[in-house]
Structure formats: C-alpha cells, structure tokens
Amino acid sequence: MIKTILARMKQGHRTIKYPKEPPVLPDLFRGYPELHPEKCPPDCRLCVEACAHGAISQEATISLDMGKCLFCPECADACPHGAISFSRDARLAANRREDLMVTAGEERRLARALEEKMLSLFGRSLKLREVSAGGCNACEADVNVLSTVVFDLGRFGIQFVASPRHADGILVTGPVTENMRLALLKTYEAVPEPKIVIASGACAINGGPFINSPEQHNGVNGLLPVDLYIPGCPPHPITILDGLLRLLGRMEG
Amino acid sequence: MKNAKTFHNGASLPLADIPRMDSHDFLQGIIDATDNGWRLSSLFGIPEGNETTLYAILSYKVGGLLGVASTTVGEAFPSITPLCPQAHLFEREIAEECGVLPQDHPWLKPVRFQRPFVKGKDAWGRKDAEGILPGVTDFFRVEGEEVHEVAVGPVHAGVIEPGHFRFQCHGEHVFHLEISLGYQHRGIEAGAAGGPHPKTLFQMETVAGDTTIGHNQAYCMVLEALSGTGVPAKGEALRGIALELERLANHTGDLGAIAGDVAFLPTASYCGRIRGDFLNMTALLCGSRFGRGLVRPGGTGFDCTRQQVDELLSRIAKARADLTGAVEILWESASSMSRFENTGKVSPETARQLGLVGPAARACGLARDVRHDHPFGIYRMSQIPVVTAQAGDVHSRALVRWLEAQKSLDFLDEQLRQLPGGPHRTEVRSLAGERLAVAMTEGWRGEICHAAITDQAGRFVRYKIVDPSFHNWQGLAMALRDEQISDFPLCNKSFNLSYCGYDL
Numbered sequence: 005m006i007k008t009i010l011a012r013m014k015q016g017h018r019t020i021k022y023p024k025e026p027p028v029l030p031d032l033f034r035g036y037p038e039l040h041p042e043k044c045p046p047d048c049r050l051c052v053e054a055c056a057h058g059a060i061s062q063e064a065t066i067s068l069d070m071g072k073c074l075f076c077p078e079c080a081d082a083c084p085h086g087a088i089s090f091s092r093d094a095r096l097a098a099n100r101r102e103d104l105m106v107t108a109g110e111e112r113r114l115a116r117a118l119e120e121k122m123l124s125l126f127g128r129s130l131k132l133r134e135v136s137a138g139g140c141n142a143c144e145a146d147v148n149v150l151s152t153v154v155f156d157l158g159r160f161g162i163q164f165v166a167s168p169r170h171a172d173g174i175l176v177t178g179p180v181t182e183n184m185r186l187a188l189l190k191t192y193e194a195v196p197e198p199k200i201v202i203a204s205g206a207c208a209i210n211g212g213p214f215i216n217s218p219e220q221h222n223g224v225n226g227l228l229p230v231d232l233y234i235p236g237c238p239p240h241p242i243t244i245l246d247g248l249l250r251l252l253g254r255m256e257g
Numbered sequence: 049m050k051n052a053k054t055f056h057n058g059a060s061l062p063l064a065d066i067p068r069m070d071s072h073d074f075l076q077g078i079i080d081a082t083d084n085g086w087r088l089s090s091l092f093g094i095p096e097g098n099e100t101t102l103y104a105i106l107s108y109k110v111g112g113l114l115g116v117a118s119t120t121v122g123e124a125f126p127s128i129t130p131l132c133p134q135a136h137l138f139e140r141e142i143a144e145e146c147g148v149l150p151q152d153h154p155w156l157k158p159v160r161f162q163r164p165f166v167k168g169k170d171a172w173g174r175k176d177a178e179g180i181l182p183g184v185t186d187f188f189r190v191e192g193e194e195v196h197e198v199a200v201g202p203v204h205a206g207v208i209e210p211g212h213f214r215f216q217c218h219g220e221h222v223f224h225l226e227i228s229l230g231y232q233h234r235g236i237e238a239g240a241a242g243g244p245h246p247k248t249l250f251q252m253e254t255v256a257g258d259t260t261i262g263h264n265q266a267y268c269m270v271l272e273a274l275s276g277t278g279v280p281a282k283g284e285a286l287r288g289i290a291l292e293l294e295r296l297a298n299h300t301g302d303l304g305a306i307a308g309d310v311a312f313l314p315t316a317s318y319c320g321r322i323r324g325d326f327l328n329m330t331a332l333l334c335g336s337r338f339g340r341g342l343v344r345p346g347g348t349g350f351d352c353t354r355q356q357v358d359e360l361l362s363r364i365a366k367a368r369a370d371l372t373g374a375v376e377i378l379w380e381s382a383s384s385m386s387r388f389e390n391t392g393k394v395s396p397e398t399a400r401q402l403g404l405v406g407p408a409a410r411a412c413g414l415a416r417d418v419r420h421d422h423p424f425g426i427y428r429m430s431q432i433p434v435v436t437a438q439a440g441d442v443h444s445r446a447l448v449r450w451l452e453a454q455k456s457l458d459f460l461d462e463q464l465r466q467l468p469g470g471p472h473r474t475e476v477r478s479l480a481g482e483r484l485a486v487a488m489t490e491g492w493r494g495e496i497c498h499a500a501i502t503d504q505a506g507r508f509v510r511y512k513i514v515d516p517s518f519h520n521w522q523g524l525a526m527a528l529r530d531e532q533i534s535d536f537p538l539c540n541k542s543f544n545l546s547y548c549g550y551d552l
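Keeping their order, the protein sequence lines are chains A and B.
Residues 5 to 257 in the numbering used here are what the first sequence lists, from first letter to last.
Residues 49 to 552 in the numbering used here are what the second sequence lists, from first letter to last.
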C-alpha cells in the first residue's frame with residue numbers, strides 16, 4: 005500500500021492544460037498544409053504525382069484535400085521549391101466535406117458548433133459510441149487515449165459509452181468495409197434521435213489508403229449524414245479533441 | 049522439410065529453384081517437418097485456370113533456416129489439419145481464396161467472408177450474386193438443458209475493432225469459445241496484386257495500424273530482397289529503434305489494460321500515459337505517433353540528428369523510471385496476482401501444435417522470436433535476448449511483456465549511443481522477375497511473414513501476409529476453455545490480438 009502511494013506521488017499530475025494552453029506537438033508533426041502556389045514553376049506537377057492518394061490537384065492553383073490526405077511527407081519531400089509543406093497546426097476538423105479542401109488564398113473553415121437546439125442537448129454532455137468499420141487500430145488507439153489521464157476527456161463532459169442506446173451519436177473510424185456496412189448502419193439506427201455522426205480519420209472520411217478498392221465504401225459519406233470530419237492518418241488526439249470541442253462550441257479561435 | 053529449398057530470412061530466389069512436388073509428398077513433407085520442430089510460417093495458393101499452386105514456407109530456428117516447396121492441386125486436396133493443427137486456418141484460407149477444398153477438414157468455414165480470388169471458383173458453391181454475410185455460418189454448439197450460448201459482437205463495448213465471439217456456457221463456466229472474424233477485411237492482398245502500386249506502401253502501413261513498423265519493415269525487406277538493395281547501417285539501426293519503440297508502446301499499453309481489467313487502476317492509468325510517451329518518441333523521429341512515413345524502401349524516410357538522439361535518450365530514461373514504478377506495484381498487488389495466476393492457461397503442447405508466436409508463445413515457455421531465430425536488419429549485428437515464462441497463463445503473458453520491455457529499453461539505449469553515421473536511405477532499383485521473396489520480422493505480437501511472388505516484369509503475382517494474430521486467435525479460444533466467462537476480457541487483453549491484421 006505504501007509503495008502504491010509512493011508510486012502515485014512519483015507519477016505526478018499529468019493532465020495537459022489544453023485548451024487553456026497550446027498543445028505540445030512533435031517538431032516534425034504534420035498538421036494544416038501550407039500552400040505557396042507562387043513558388044510553383046509553370047507546368048510543375050511533382051507534388052500531384054508524388055501523392056498516391058489523389059489528395060493534390062493542380063489546375064489554376066494547387067489545392068490539397070485534407071479528406072484524402074494521409075499527412076505523409078511524400079508531397080513536401082517531392083517539391084524542391086517549398087510550395088507545399090505542413091505546419092504544426094493541429095486544428096483540422098470541419099463540418100462539411102468541402103471545407104476540407106485547402107486552396108491558397110481561400111478562407112480556412114474550421115469546424116463550427118452544432119445548431120442551437122442540438123447544442124443545448126449535447127453541449128455539456130456528449131456520449132459517443134465508437135464504431136470501427138475497417139479501422140487499422142491506429143485511429144481507434146488515438147481515440148482511446150483521449151480517455152487517459154493525459155487528455156481526460158471526461159472533464160469536458162464527453163464520454164465513449166458501451167452501447168449505442170446510451171449514446172448521442174457515433175464516431176466512425178475505418179473506410180467502412182463491406183463486411184461492416186450492415187453493423188454500422190444498425191448501430192446508427194440504435195442511437196436515439198437526435199444524433200450526430202463523426203467521421204474520424206482519412207479512411208472514414210474518404211477511404212484513406214483504401215480509396216476506390218472494392219471491399220470498402222470510401223468512408224461514411226453517402227451512408228450516413230456526417231456532422232464532423234476529423235482528418236489525419238490517424239488524427240492526432242489533439243486534432244480529435246479540438247474537433248469535438250469546436251462541435252460543442254467550447255473553442256474559440 | 050525434406051527436399052525443400054532452404055534459404056534465409058530476407059532473401060529472394062528464382063521461382064525455378066522452388067521444388068515442385070506431387071501433392072502427396074508436399075503435404076506429407078509439411079506434416080513431417082512440423083513433427084520435427086519446423087513451423088508453418090505461411091501456406092498459400094495461387095489459382096490459375098482449373099489448378100492452384102500451393103506454396104509452403106516453413107521455418108526452423110536452428111541455423112535460421114527457411115524452407116519453401118510447392119505443388120499443384122486441382123479442385124481438392126486431402127486436409128492435413130488433423131495431423132498438423134498449424135495448417136488449420138491456412139487450409140480454410142486456401143479454400144476461401146482459391147476455391148480448393150481441403151477434404152475432410154474438421155472445421156471448414158470461411159476465414160474472412162470474402163469473395164474468392166477467381167470469380168465463380170467458390171469452395172462452398174455460392175453464387176456470385178449471393179451476398180456473403182460475415183458471421184453467418186454454423187457455429188460449434190454444446191447442447192444440454194442448462195447450456196446456453198453467449199454471442200458478442202461485431203460491435204462490442206470498448207473502443208475496439210469488430211469481431212464476433214460465441215461462448216458455449218454452463219452458468220459462468222465456458223466449455224468452448226469460437227471466434228469469427230472478417231469484419232475488417234479490406235482486400236489488402238488482392239490490392240497488392242499487379243503491384244507494387246503507389247498505394248501499396250501506405251496499405252502496408254495499415255495492415256495493422258498498431259504494427260506499422262513491423263509490417264512495413266517486412267514489406268520493405270521484400271522490395272529490397274527482390275531488387276538486391278542493401279540498406280545503409282544507419283537505416284537499419286533506425287528501423288530497429290522504431291520497432292522496439294513500437295513494442296514498448298504496445299507492451300506498456302497492454303500491461304496497463306491487463307491491470308485495468310482486474311480493476312488495479314494505478315498501473316492502468318500510469319501505463320495508459322506512458323504508452324503515449326513511447327508513441328511520442330516515435331513521433332519525435334518522424335512526426336507520426338505510429339511511425340507513418342518512417343520505414344521506407346531502402347532505409348528510413350527520416351534521418352536522426354544528434355539532438356534527437358540526446359532527446360530520445362533522456363526521454364527513455366524517464367520512461368524507464370516511470371514504467372518500472374508503474375509495473376512494480378502491479379506485481380506486488382496480491383489481489384491482481386491471484387486473478388492473473390492460473391487464468392487462461394495454454395499448455396506448451398497446445399501452443400506448439402497451434403503454432404503460436406510472439407509473447408503468447410514465449411509465455412508458454414516456447415523460445416521463439418524472429419529477432420533471435422531468423423535475425424534481420426540490425427538484429428543480425430546486435431542481439432536481443434529472448435525471454436520466456438513457463439505457466440502459459442495471464443500472469444506469464446503479462447510478465448513476458450514486462451521482461452521484453454526491459455530488454456527493448458536496454459537495446460534502445462545501446463543502439464542510440466552507437467548510432468552509425470552515413471546515409472539512412474538508398475535508392476531501390478527495379479524488382480527482379482519470376483522470384484520469390486520472404487521477409488519475416490518480430491512485431492510486438494510476434495512473427496510477421498510477408499511473401500511475394502513476381503511475374504516476368506517484376507510485378508507481384510501474389511503478395512501473402514501472415515500477421516501473428518493469424519496464428520494466435522486460436523490460442524485465445526483455447527485459453528478460455530474451462531474458464532469463467534467473466535475472465536474473458538482479462539484473457540483477451542493478455543493476448544491483445546489484431547482484427548485487421550487477421551482480416552487483411
């Protein structure tokens with residue numbers, strides 16, 4: 005018993021101060037993309053070709069679809085001109101699929117809060133059922149850590165619950181495999197109205213590395229109405245937390 | 049295996065060198081070899097017209113030998129499962145993928161509920177249009193007045209991947225557990241055919257997302273073997289560092305989760321955090337907590353500076369102190385130990401017969417570890433001791449993780465202090481045609497085996513992945529026999545197997 009108490013004292017208090025203080029992210033973290041089309045030589049398509057996921061398009065200017073992006077380093081590595089890079093800004097979540105499109109000079113659209121009625125229901129208490137529909141356990145793992153002492157999701161009134169019947173919505177990970185399609189739809193049905201859907205990770209948004217492969221459905225879109233998209237492969241826990249807090253109107257800026 | 053072509057981990061050989069046996073010699077060869085201490089690391093088919101070519105890859109720890117042989121079968125072949133239980137799931141997989149029947153297989157059911165590779169060539173004669181529903185199949189049933197069945201999943205209580213579990217119970221007492229998976233099937237092997245495609249590398253990183261380094265290193269070793277590429281020393285060292293960090297993160301998480309399942313919350317909550325510290329160390333190397341982008345064909349995608357080394361060394365020292373403190377109180381908690389000891393026992397004989405791998409096997413006293421038995425990459429230069437425990441219960445599986453974590457910490461210290469200079473990556477040339485390459489790594493769950501067969505142009509005809517969970521799920525089912533159903537979560541955590549790694 006004494007040893008357990010001593011261990012408790014040694015381990016200390018480890019819950020991060022976010023969102024009151026900025027998060028600590030790794031130096032090499034790849035967050036919100038920064039595009040500098042003015043640096044692009046004419047007809048250069050190096051970044052477009054370097055992306056295996058079709059996230060970058062180069063028409064009038066370059067744009068990057070954060071819904072398809074795996075935030076791998078390949079495009080930035082391929083560009084010798086510094087026209088494309090990733091900042092350390094972890095705020096990536098958005099309400100609409102098209103808001104994930106990043107184009108230089110265009111306004112950035114971070115996720116906004118739910119409408120008033122939903123907010124009055126869920127704003128101070130949100131229970132979510134997680135459904136892994138082909139997720140590789142990286143997205144699941146970084147959803148799980150939100151419940152550890154580091155992030156302590158409970159302090160925001162958000163909790164992952166065991167049954168869809170106890171939930172206010174579902175958080176989906178994975179590209180929605182054909183073999184999980186029915187189970188996903190049934191889980192959604194089991195959640196009482198009104199309810200929300202969150203697509204977390206590149207797979208759930210648009211299929212991720214499995215986009216267009218025949219055993220999956222390119223994510224949740226088209227199957228269920230999505231209220232929040234959280235990009236990343238997997239999204240950093242801070243990105244998920246930031247998205248959830250924005251959806252609940254708990255974040256400014 | 050008699051007359052098999054032998055080679056070593058991470059090598060490639062011309063297809064012409066692979067002995068083609070008649071099916072009797074091939075199957076008997078597998079039975080004899082596994083009787084003599086060889087393991088069946090992979091067994092897979094390539095359907096072509098009315099025939100299917102089967103390849104067996106066996107491993108033998110003495111001398112680090114791998115052996116390969118092949119045969120051609122028609123619509124069916126005699127099942128060897130009754131004599132060689134290691135072949136049990138491989139045969140079911142061959143039936144499902146290639147439409148070839150292993151005759152008299154004792155439990156011939158789909159593995160993943162996927163469509164066959166060749167349209168219309170279905171082992172169960174299902175029509176193409178018929179929907180194949182996962183989990184819709186016969187289950188082993190115990191009949192009797194007070195016997196009841198408990199069905200769990202695919203969507204179950206935690207933030208966890210989907211799977212279906214059927215318990216045959218008498219009160220709390222579990223007679224039998226049958227596990228039915230396939231919900232996570234994403235078609236990775238079929239997707240790799242005709243490749244490597246630009247997406248293949250990224251799909252390999254997500255075979256099992258918690259084993260990004262383990263699987264991607266195996267994939268990169270396959271490419272390197274097929275192209276004759278030598279990875280620079282620094283690249284190999286960094287891969288080894290990443291693999292051990294991955295092991296540490298997961299072993300730490302598992303120790304916490306196991307403690308959590310017996311409600312010993314101090315260890316559960318400390319380990320939950322310390323696991324994140326290890327993930328953040330991987331992110332220090334490459335920006336991603338799971339090592340995405342770190343292992344690349346020809347080496348690593350990122351270099352490691354002196355500053356990063358110093359930072360890592362200091363974080364490792366802190367994490368070691370924290371982890372030691374968090375885990376030691378677990379061993380001293382008598383109530384936890386009484387839940388761990390003699391719970392979920394797997395005998396060494398069962399483990400050997402099923403071909404268990406990784407910590408699950410080592411907890412049964414089987415000293416098998418790819419890093420030691422079939423050394424690859426940095427482990428050819430720097431050995432890491434294999435640890436075992438003897439009881440085969442939850443306690444042994446927890447203990448092996450803690451002992452291994454300590455060895456990994458020592459290894460990281462040593463590797464970081466002597467990190468070689470020079471380049472970390474080299475160019476990979478084009479892949480050679482008509483060859484087989486086999487690469488095995490020791491992921492944190494155990495043996496990962498990737499095998500590729502190329503056509504004349506050097507494209508994959510077949511890419512076969514065996515995740516350690518493929519061998520080990522049956523071990524969990526056996527561990528539950530004659531246990532209380534309330535001990536299932538604890539037993540499950542002590543194995544902590546991958547659903548997507550199995551489902552592919």
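The beta-carbon is built from N, C-alpha and C at its ideal position, and this holds for glycine as well.
In this text the structure is predicted, and so the values were computed from the model without any measurement.
> Which residues in chain B sit within 9 angstroms of A/Ser-217, going by Cβ to Cβ distance?
Replying inline: Arg-234, Gly-235, Ile-236, Ala-238, Gly-239, Lys-247, Gln-251
>> Would B/Val-442 and B/Phe-388 qualify as a contact pair, given that the criterion is a beta-carbon distance under 7 angstroms?
In response: yes
>> So the candidates are A/Gly-16, A/Asp-31, A/Lys-7, A/Gln-62; which of them puts its Cα closest to the Cα of B/Gln-355?
In response: A/Asp-31
> Looking only at C-alpha atoms, which of B/Pro-433, B/Gly-304, B/Arg-419 sits nearest to B/Thr-489?
Replying inline: B/Arg-419
>> Can you confirm whether A/Thr-152, when its beta carbon is compared against all beta carbons of chain B, has any partner nearer than 7 angstroms?
In response: yes
>> Ignoring anything shorter than 3 residues, give me the beta strand (DSSP E) runs that lie fully in the stretch 99-162 of chain A, in order along the chain.
In response: 105-107, 130-136
>> Please give the ranges of any alpha helix (DSSP H) in the stretch 483-552 of chain B, keeping only runs that are unbroken, at least 4 residues long and fully inside the region.
In response: 516-527, 536-543, 548-551
> On the three-pair Cβ rule with 8 angstroms, is the stretch 114-127 of chain A touching the stretch 226-241 of chain B?
Replying inline: no
>> At 4 residues or longer, what runs of the alpha helix (DSSP H) sit wholly inside the stretch 225-282 of chain B?
In response: 236-240, 248-252, 260-275
> Would A/Ala-82 count as contacting chain B if we go by Cβ distances under 7 angstroms?
Replying inline: no
>> So the candidates are A/Tyr-36, A/Gly-212, A/Asp-69; which of them puts its Cα closest to the Cα of A/Val-52?
In response: A/Asp-69
>> Could you pull the DSSP bridge partners for B/Gly-347 from this structure?
In response: B/Arg-344, B/Arg-473
> From A/Asp-47 to B/Tyr-231, what does the alpha carbon distance come to, in whole angstroms?
Replying inline: 44 angstroms
>> Taking 7 angstroms as the threshold (beta carbon to beta carbon), is A/Lys-7 in contact with chain B?
In response: yes
> Is the Cβ-Cβ distance between B/Phe-74 and B/Thr-120 less than 7 angstroms?
Replying inline: no
> Taking 6 angstroms as the line, does the beta carbon of A/Arg-12 fall inside it for any heavy atom of the ligand SAM?
Replying inline: As far as ligands go, the structure on display features none, and thus does not contain the ligand SAM.
> So, does the CB of B/Leu-538 fall closer than 7 angstroms to a CB anywhere in chain A?
Replying inline: no
> Which residue spans inside the stretch 89-139 of chain B form an unbroken beta strand (DSSP E) run of at least 3?
Replying inline: 99-108, 113-121, 124-126
> What whole-angstrom Cβ distance do B/Lys-512 and B/Ser-228 have, given they're in contact under 8 angstroms?
Replying inline: 22 angstroms between Cβ atoms; not a contact.
> Can the beta-carbon of B/Ala-81 be found closer than 7 angstroms to that of B/Leu-102?
Replying inline: no
> Which one or two residues does DSSP pair with B/Ala-59 in a beta bridge?
Replying inline: B/Val-486
>> For the stretch 31-52 of chain A, list every residue whose C-beta sits within 7 angstroms of some C-beta in chain B, in sequence order.
In response: Leu-32, Phe-33, Arg-34
>> So, for B/Met-526: in the same chain, excluding its five sequence neighbours on each side, which residues have a beta-carbon less than 8 angstroms away from its beta-carbon?
In response: Val-394, Thr-398, Leu-402
> For B/Val-222 versus B/Phe-215, is the C-beta spacing smaller than 7 angstroms?
Replying inline: yes
> Rounded to a whole number of angstroms, what is the C-alpha to C-alpha distance between B/Glu-194 and B/Glu-220?
Replying inline: 11 angstroms
> Leaving out the 5 sequence neighbours to the left and right, which residues in its chain are closer than 6 angstroms to B/Ala-485 when beta-carbon positions are compared?
Replying inline: Ser-60, Val-270, Ala-273, Leu-274, Ala-500
> Where does the unbroken alpha helix (DSSP H) through B/Gln-463 begin, and where does it stop?
Replying inline: 442-465
>> B/Val-435 and B/Leu-451 - do their beta-carbons sit closer together than 7 angstroms?
In response: yes
>> Under 8 angstroms, with one C-beta from each stretch per pair, do the stretch 32-47 of chain A and the stretch 57-75 of chain A reach the 3-pair mark?
In response: yes
> For the stretch 428-442 of chain B, which residues have a beta carbon sitting closer than 8 angstroms to at least one beta carbon of chain A?
Replying inline: none
> Do three or more CB pairs link the stretch 80-95 of chain A to the stretch 210-220 of chain A at distances below 8 angstroms?
Replying inline: no
> Does the beta-carbon of B/Asn-544 have 16 or more other beta-carbons within 10 angstroms, so that it is buried, or is it exposed?
Replying inline: buried
> What's the gap between the Cα of B/His-136 and the Cα of A/Pro-23?
Replying inline: 52 angstroms
> At a CB-CB cut-off below 9 angstroms, which residues of chain B make contact with A/Val-147?
Replying inline: Val-207
>> Let me check understanding here. Comparing Cα to Cα, which of A/Pro-196, A/Ala-98, A/Phe-164 lies closest to A/Ala-117?
In response: A/Ala-98
>> If I follow the unbroken alpha helix (DSSP H) through A/Thr-8, where does it start and stop?
In response: 6-15
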